[in-house]
Amino acid sequence: MYYPFGDALAKVFNQKAGVQVAVQATDGSVENLQLVNRKQAELAIAQSDMMDYAYNGREAFKDKLTMIRGIAILYPEIIQIVVRADSNINTIADLRGKKVGIGSPGSGTEANLRQLAAIYELDYKDFQPLYLSFGASAAQFKEKAIDAFIIVSASPSSIIQDIAGQHKIKILSMSDNVIAKVNKQYPFLAPITIPANTYKGQTAAIRTVAVQAALIVNSSVPEDVVYTMTKSLFESQSELVRLHPKGKELSLEKAARGMSIPLHPGAVKYYKEKGVY
Numbered sequence: 003m004y005y006p007f008g009d010a011l012a013k014v015f016n017q018k019a020g021v022q023v024a025v026q027a028t029d030g031s032v033e034n035l036q037l038v039n040r041k042q043a044e045l046a047i048a049q050s051d052m053m054d055y056a057y058n059g060r061e062a063f064k065d066k067l068t069m070i071r072g073i074a075i076l077y078p079e080i081i082q083i084v085v086r087a088d089s090n091i092n093t094i095a096d097l098r099g100k101k102v103g104i105g106s107p108g109s110g111t112e113a114n115l116r117q118l119a120a121i122y123e124l125d126y127k128d129f130q131p132l133y134l135s136f137g138a139s140a141a142q143f144k145e146k147a148i149d150a151f152i153i154v155s156a157s158p159s160s161i162i163q164d165i166a167g168q169h170k171i172k173i174l175s176m177s178d179n180v181i182a183k184v185n186k187q188y189p190f191l192a193p194i195t196i197p198a199n200t201y202k203g204q205t206a207a208i209r210t211v212a213v214q215a216a217l218i219v220n221s222s223v224p225e226d227v228v229y230t231m232t233k234s235l236f237e238s239q240s241e242l243v244r245l246h247p248k249g250k251e252l253s254l255e256k257a258a259r260g261m262s263i264p265l266h267p268g269a270v271k272y273y274k275e276k277g278v279y
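If you're matching positions, the sequence shown starts at 3 in our numbering and goes up one per residue.
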């Protein structure tokens, strides 16, 4: 999910910031955070909740990853739970006894599903969790081998669009009361609405929660380099939008808000100049 946006960022940085950035495919947030902490990658995109876990040594992270720093919040990654339209699954509570694709082991997606299930007083003994990637979940869902699956991604999700083009589906919506409970217990899960008609057959808006995709960097990268990258990120936003539509969701006012790890001094310098920090 991150690769296309990462490729767009690399092109902007290469052209506008005077740095050489090469894109590398990975398994997602957990690996990205570990790579940056070990300085096997200087730059990466990661889920904001997993950044918090990594920095504080929780969930999938046995050790604290103290070398990671934030540059900017990029765009929301929306929690979307997909079921068949004709199923009797209308809330997360209805997943009891069902087969559910929950993401890769230790992934941010899997952690999010577990967190939401706990709000409904469910755990893995109450339904059958299957550790499947987004693609594998989609394939098994099409074959009716699973009843539901979770995707945490920008919206619209191309995977959900593909399924909705072939099958009648629904995405689970949450009540305001549930969303308030989720946000109180997990502040990094913020309320968000998926507008009606985002997906084929989706006639009503969907209320759910989202984490944030954020740009991170190793703490050893020089301040002037990160400052230049941060500056080029925002001052070349039109070019980023041309390369990837999610670029339009980048917001200078929100770039440091909700960052779950310390910001890099180079990013702080730019935000202070712009009066947003």
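Note that CB positions come from ideal geometry on N, CA and C, so glycine has one too.
Treat the numbers as computed from the prediction; the structure is a model and nothing was measured.
So if DSSP puts residue i in a beta bridge, which residue, or which two residues, is it bridged to?
i      : result
Leu217 : Ile47, Ala74
Arg209 : Thr195
Val84  : Phe151, Ile173
Gly102 : Note that residue 102 corresponds to Val in the displayed sequence, not to Gly. According to DSSP, Val102 bridges with Pro131, Ala150.
Met79  : The amino acid occupying residue 79 in the given sequence is Glu; Met does not appear at that position. Glu79 pairs with Val213.
Classify residue i as helix, strand or coil using the three-state DSSP reduction.
i      : result
Gln130 : strand
Leu265 : strand
Ile152 : strand
Arg244 : helix
Lys233 : helix
Lys186 : helix
Gly249 : helix
Pro107 : coil
Phe136 : helix
Arg112 : Residue identity differs from the one stated: residue 112 is Glu in this sequence, not Arg. Reduced to three states, the DSSP call for Glu112 is helix.
Asn179 : helix
Leu118 : helix
Ser160 : helix
Gln142 : helix
Tyr272 : helix
Tyr5   : helix
Within a Cβ cutoff of 6 Å, which residues of the same chain sit near residue i, ignoring the five residues on either side of it in sequence?
i      : result
Leu124 : none
Lys271 : Tyr229
Candidates the options: which alpha carbon is nearest residue i's?
i      : options                      : result
Ser253 : Ile75, Gly20, Phe136         : Ile75
Ser175 : Tyr272, Thr195, Leu45, Val25 : Thr195
Tyr55  : Ala212, Tyr188, Ser222       : Tyr188
Ala48  : Ala27, Ala140, Tyr4, Asp88   : Tyr4
Gly203 : Phe129, Ile165, Lys183       : Ile165
Gly110 : Leu191, Glu241, Val278       : Leu191
Val25  : Thr68, Phe7, Ala87           : Phe7
Lys170 : Phe143, Ser177, Leu115       : Phe143
Ser89  : Arg40, Ile80, Lys101, Glu79  : Lys101
Closer than 8 Å by C-beta to residue i: which residues in its own chain qualify, once you throw out the five before and the five after it? Chain order, please.
i      : result
Ile218 : Asn34, Leu35, Val38, Leu45, Ala46, Ile47, Ala48, Met53, Ile70, Arg71, Gly72, Ile73, Ile263
Could you pull out every residue in the same chain whose Cβ sits closer than 7 Å to the Cβ of residue i, ignoring the five residues on either side in sequence?
i      : result
Asp162 : According to the sequence provided, residue 162 is Ile. The question's Asp does not apply to it. Result list for Ile162: Gln82, Val84, Ile153, Tyr201, in chain order.
Val184 : Leu118, Ile121, Leu191, Val211
- Task: Run through the region 12–68 for me and flag every whole alpha helix (DSSP H) of 4 or more residues, listed as ranges in chain order.
- Result: 31–39, 50–58
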